[in-house]
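Trainee:
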Ligand SMILES: [Fe+2]
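Residue numbers (our numbering): 291 to 575.
As structure tokens, this is what we get:
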């Protein structure tokens, strides 16, 4: 747990607790409990540790480990990596060659193995995945999304406290009418405001009677992706968090969008029944 003085200050400002004390408590846990804490679970059901700032600890640790591994792989300074770290997303027009794009348009729904040319293209582009690219499954998922009323994904949320790459190549020009992905630029960053929100949301998870519970969570057994103000207008809370306005990803066909889904994002609403076809490829960091 190599935290810097900056991390310590961030942690203490966001949680009001001492980082060292929490680190000591975590060090005394069993190996299986520790592995769970540093793992992919979106939420740890341990109220006592959450009150001491566990979720903020996890967010800072996961980011530190990712950045360290990028530096080790000499991929930290790369322009794509820097864009992704800075904004939380990366966009590249005309991603696939015209021939490859044409072939993909005719693929059936579901998973398909990438050919070597595609693996190479994704690898060169996804410098921000670092060593995780090699260990990820090289399959793309062809999916046509059909919009429906009341979709949970219409609400701004984070997928996880830790960096994650989700990517889409849209198979048609995408306008507002298609209900594209929306992303809050730079909301991937572990600012004091974001970490305070993460802390508060992790603590609220233990208390279904809390007035914000159903704004941030779906239901007590389903504590997963933390949500932003599920019931009310979204913008005021973004302003309180000192964040930018949402950016709608209206792009031309064959544009790659990769997003770090620890930042706030959502699917924007569209008329029920509207179709949006894309190729998806995700990596857990
Ligand atoms: Fe999501």
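Backbone N, C-alpha and C define an ideal beta-carbon position, used for all residues, glycine too.
(1) For ligand 1, I want to know if residue 449 counts as a neighbour, meaning its beta carbon is within less than 6 Å of at least one of the ligand's heavy atoms.
(2) Tell me where the alpha helix (DSSP H) around residue 377 begins and ends.
(3) Starting from the Cα of residue 545, find the closest Cα among 440, 470, 476 and 554 and give me that residue.
(4) With a threshold of 16 other CB atoms inside 10 Å of the CB of residue 414, please say whether the residue is buried or exposed.
(5) Starting from the N-terminal side, write out each stretch of the beta strand (DSSP E) that is 3 residues or longer and does not extend beyond the region 498 to 552.
(6) Report the partner residues of residue 343 according to the DSSP bridge assignment.
(7) From the DSSP output, which residues share a beta bridge with residue 569?
(8) Would you check if there are 3 or more beta carbon pairs closer than 8 Å linking the region 562 to 574 to the region 436 to 456?
(9) Shorter than 7 Å from the beta carbon of residue 437 to some beta carbon of chain D?
(10) Quick one: is residue 378 buried, meaning 16 or more other Cβ sit within 10 Å of its Cβ, or exposed?
(11) I'd like the ranges of any alpha helix (DSSP H) spanning at least 4 consecutive residues and lying wholly in the region 294 to 330.
(12) Could you tell me whether the Cβ atoms of residue 534 and residue 493 are closer together than 7 Å?
(13) Going by CA-CA distance only, name the one from 342, 318 and 543 that's closest to residue 382.
(14) Are the Cβ atoms of residue 407 and residue 429 separated by less than 7 Å?
Mentor: Looking at the atomic coordinates:
(1) yes
(2) 369 to 377
(3) 470
(4) Classification of residue 414: exposed, given that the 10 Å Cβ count is below 16.
(5) 546 to 550
(6) For residue 343, which the question treats as bridged, DSSP gives no partner whatsoever.
(7) 432 and 459
(8) yes
(9) Going by chain labels, chain D is absent from the structure shown, which holds only one protein chain.
(10) buried
(11) 295 to 305, 309 to 317 and 321 to 328
(12) no
(13) 543
(14) no
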